[in-house]
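**Student:**
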Amino acid sequence: MTTLQSPKVSIITPSYNQGQFIEETIQSVLGQDYPNIEYLIVDGGSNDNTIDILKQYLGRLKWISEKDKGQADAINKGIKKTSGEIVCWLNSDDTILPGAVSKAVNLFVSNPEIKLVYGKSYFTDQEGNINGSYPTEKFDFQRLAMFNFISQPSVFFKRDAYDKVGGLNAQLNYSLDYDLWIKIGKEFQTKYLEKYLSCYRLHESSKTVDKNQALHSHKEGIAVVYSHYGWVPANRLYGYYRHLLESKGITLLKFIKPLEILIVLILTLLTYLRINRSICPADIKYLRWKNIRKLRADWSKPDKIY
Numbered sequence: 016m017t018t019l020q021s022p023k024v025s026i027i028t029p030s031y032n033q034g035q036f037i038e039e040t041i042q043s044v045l046g047q048d049y050p051n052i053e054y055l056i057v058d059g060g061s062n063d064n065t066i067d068i069l070k071q072y073l074g075r076l077k078w079i080s081e082k083d084k085g086q087a088d089a090i091n092k093g094i095k096k097t098s099g100e101i102v103c104w105l106n107s108d109d110t111i112l113p114g115a116v117s118k119a120v121n122l123f124v125s126n127p128e129i130k131l132v133y134g135k136s137y138f139t140d141q142e143g144n145i146n147g148s149y150p151t152e153k154f155d156f157q158r159l160a161m162f163n164f165i166s167q168p169s170v171f172f173k174r175d176a177y178d179k180v181g182g183l184n185a186q187l188n189y190s191l192d193y194d195l196w197i198k199i200g201k202e203f204q205t206k207y208l209e210k211y212l213s214c215y216r217l218h219e220s221s222k223t224v225d226k227n228q229a230l231h232s233h234k235e236g237i238a239v240v241y242s243h244y245g246w247v248p249a250n251r252l253y254g255y256y257r258h259l260l261e262s263k264g265i266t267l268l269k270f271i272k273p274l275e276i277l278i279v280l281i282l283t284l285l286t287y288l289r290i291n292r293s294i295c296p297a298d299i300k301y302l303r304w305k306n307i308r309k310l311r312a313d314w315s316k317p318d319k320i321y
């Protein structure tokens, strides 16, 4: 890859008290074979061993440590402090796979009209063992309303597209990435690179796994979808009400699965009609047997976490 074909790639890692994982994250970036990477870690004022680890990498990366207003604020800050034409952020408990940056850049260089590239991700446990994969799909803007099939640590995007859509919404706590994918996907060409680019770590304190945060995540996701599409898909409402029942501790329903499904379906239908006023053709299209079977799925398993 010549210099002219090696645009600068800025990688930002937002971090807060992730000393347990951050060194593995750092090494996954510094071990890339791509020649033009700018790496910045934006730490939120960690009080664990994070700063001691960062000091070991002086001269190989840049870092700042100061209080911020949350993850989106930290990422926005980091992007403003960098200058790469291509940008990605990598959370401090995730890693990117060898050659990931080169694969993404090659696609951008050969297709200048593309503004966002996303690949596949492995799920790993706390120790880094692979135990599943994120259910990614070929890009479809309408389908994106129903399911966020874009795995955040495997995403690279152009800075000009990020700027054009206003960057990350700092008011969001759970769907900040999803909101950005929708905004960029609506305005610009987006491409699925069907290769594994990252490892998405699932552990007890991560927002994806923490059941106490699941309900808030569902609510925020529904609000984000409605703000962009003016429509809330039935499957999103179903997921919300299923988690609502679980959060209320209605244990009896766990032993009467058909009753649980019936109650959730009724709540879903009533809310769906109140919000959308009519049936969207996309929801009818989604009523296929393989999707109906998912109503009985155990979403607590790694390969079921959407």
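First residue of the sequence shown? That's 16 in the numbering used here, and the numbers climb one at a time after it. Don't be surprised by glycine CBs; every beta carbon is placed ideally from N, CA and C.
#1: Apart from the five residues on each side of it in sequence, which residues of its chain come closer than 7 Å, Cβ to Cβ, to Ala87?
#2: Based on the DSSP secondary-structure assignment, which residues constitute the bridge partners of Phe172?
#3: What is the DSSP secondary structure of Phe3, reduced to helix, strand or coil?
#4: Quick check on the DSSP output: the alpha helix (DSSP H) that includes Ser148 runs from which residue to which?
#5: Taking Cβ positions, are Gly46 and Ile68 nearer each other than 8 Å?
#6: In angstroms with no decimal places, state the Cα-to-Cα distance between Val11 and Leu284.
#7: Is it true that the segment 22-30 meets the segment 93-109, where meeting means three or more beta-carbon pairs spaced less than 8 Å apart?
#8: Out of curiosity, what's the CA-to-CA distance linking Ala409 and Cys295?
#9: Going by alpha carbons, who is nearest to Asn291 out of Tyr301, Tyr244 and Leu259?
#10: At the level of alpha carbons, what is the spacing between Lys122 and Ser98?
#11: Taking Cβ positions, are Val57 and Gly85 nearer each other than 8 Å?
#12: If I'm right that Thr110 touches Thr65 with Cβ under 8 Å, what's the distance once you round it to whole angstroms?
#13: Keeping to the same chain, check which residues put their C-beta closer than 8 Å to that of Lys23; ignore five residues upstream and five downstream.
#14: Taking the alpha-carbon positions, what's the Ile90 to Val170 distance?
#15: So is Asp313 buried or exposed if we call it buried at 16+ other beta carbons inside 10 Å?
#16: Give me the Cα-Cα distance between Ser43 and Pro168, rounded to the nearest whole angstrom.
#17: Pull up the distance between the alpha-carbon of Ser21 and that of Ile276, whole angstroms please.
#18: CA-CA distance, His258 and Lys198?
#19: Measure the alpha-carbon distance for Phe156 versus Gly134 and round it to whole angstroms.
#20: So, using beta-carbon positions, are Ser125 and Tyr137 closer together than 8 Å?
#21: Pick out whichever of Ala119, Leu55, Asn62 and Ser262 has its Cα sitting closest to the Cα of Leu76.
#22: In the DSSP output, what is Phe138 paired with across the bridge?
#23: With distances taken from CA atoms, which of Gly200, Tyr72 and Lys118 is nearest Val240?
**Tutor:** Taking the geometry as given:
#1: Here residue 87 refers to the residue found at position 72 of the sequence shown. So the list reads Leu183, Asn184, Ala185, Leu187 and Leu191, once near-sequence residues are dropped.
#2: Looking up residue 172 in the sequence shown gives position 157. Phe172 pairs with Val102 and Leu131.
#3: No answer is possible for residue 3: the residues shown for the chain start at 16 and end at 321.
#4: Residue numbering aside, residue 148 sits at position 133 when the sequence shown is read from its first letter. Not the alpha helix (DSSP H): Ser148 falls in the beta strand (DSSP E), residues Ile145 to Ser148.
#5: The residue given as residue 46 occupies position 31 in the sequence shown. The residue given as residue 68 occupies position 53 in the sequence shown. No. Outside cutoff.
#6: The structure shown does not extend to residue 11, since the chain is modelled only from 16 through 321, so no value can be given for it.
#7: yes
#8: This structure leaves residue 409 out entirely; the chain is present only between 16 and 321.
#9: For this step, residue 291 is matched to residue 276 along the sequence shown. Of the listed residues, the one whose Cα sits closest to Asn291 is Tyr244.
#10: Taking the sequence shown and counting its residues from 1, the one referred to as residue 122 is at position 107. Taking the sequence shown and counting its residues from 1, the one referred to as residue 98 is at position 83. One point to set straight first is that residue 122 is Leu, not Lys, in the sequence displayed. Distance between the alpha carbons of Leu122 and Ser98 is about 20 Å.
#11: What you label residue 57 is simply residue 42 of the sequence shown in a count that begins at 1. What you label residue 85 is simply residue 70 of the sequence shown in a count that begins at 1. No, they are not a contact pair.
#12: Sequence index remark: in the sequence shown, residue 110 carries index 95 (1-based). Sequence index remark: in the sequence shown, residue 65 carries index 50 (1-based). With a Cβ gap of about 16 Å, Thr110 and Thr65 do not count as contacting.
#13: Working through the sequence shown from its first residue, we reach residue 23 at position 8. Correct list, in chain order: Asn51, Ile52, Glu53, Ser98, Gly99, Glu100 and Ile101.
#14: One-based indexing of the sequence shown puts residue 90 at position 75. One-based indexing of the sequence shown puts residue 170 at position 155. Computed Cα separation, rounded: 14 Å.
#15: If you number the sequence shown from 1, residue 313 lands on position 298. Residue confidence for Asp313 is low, a pLDDT of 47 falling below 50, so the modelled location carries little weight; the figure read from the coordinates is stated next. Exposed, by the Cβ-count rule.
#16: Counting from one through the sequence shown, the residue named residue 43 turns up at place 28. Counting from one through the sequence shown, the residue named residue 168 turns up at place 153. For Ser43 and Pro168, the distance between alpha carbons rounds to 12 Å.
#17: Taking the sequence shown and counting its residues from 1, one reaches residue 21 at position 6. Taking the sequence shown and counting its residues from 1, one reaches residue 276 at position 261. Their Cα atoms are separated by approximately 52 Å.
#18: Position 243 of the sequence shown, counting from 1, holds the residue named residue 258. Position 183 of the sequence shown, counting from 1, holds the residue named residue 198. Cα to Cα, the separation comes out at about 27 Å.
#19: For the purposes of this step, residue 156 is taken as the residue at position 141 of the sequence shown. For the purposes of this step, residue 134 is taken as the residue at position 119 of the sequence shown. One C-alpha to the other measures close to 16 Å.
#20: Against the sequence shown, residue 125 aligns to sequence position 110. Against the sequence shown, residue 137 aligns to sequence position 122. Taking 8 Å as the Cβ cut-off, Ser125 and Tyr137 do not qualify as a contacting pair.
#21: If you number the sequence shown from 1, residue 76 lands on position 61. Among Ala119, Leu55, Asn62 and Ser262, the Cα nearest to that of Leu76 is on Leu55.
#22: For the purposes of this step, residue 138 is taken as the residue at position 123 of the sequence shown. Phe138 is bridged to Gly147 and Tyr215.
#23: Mapped onto the sequence shown, residue 240 falls at position 225. Comparing Cα positions, the closest option is Gly200.
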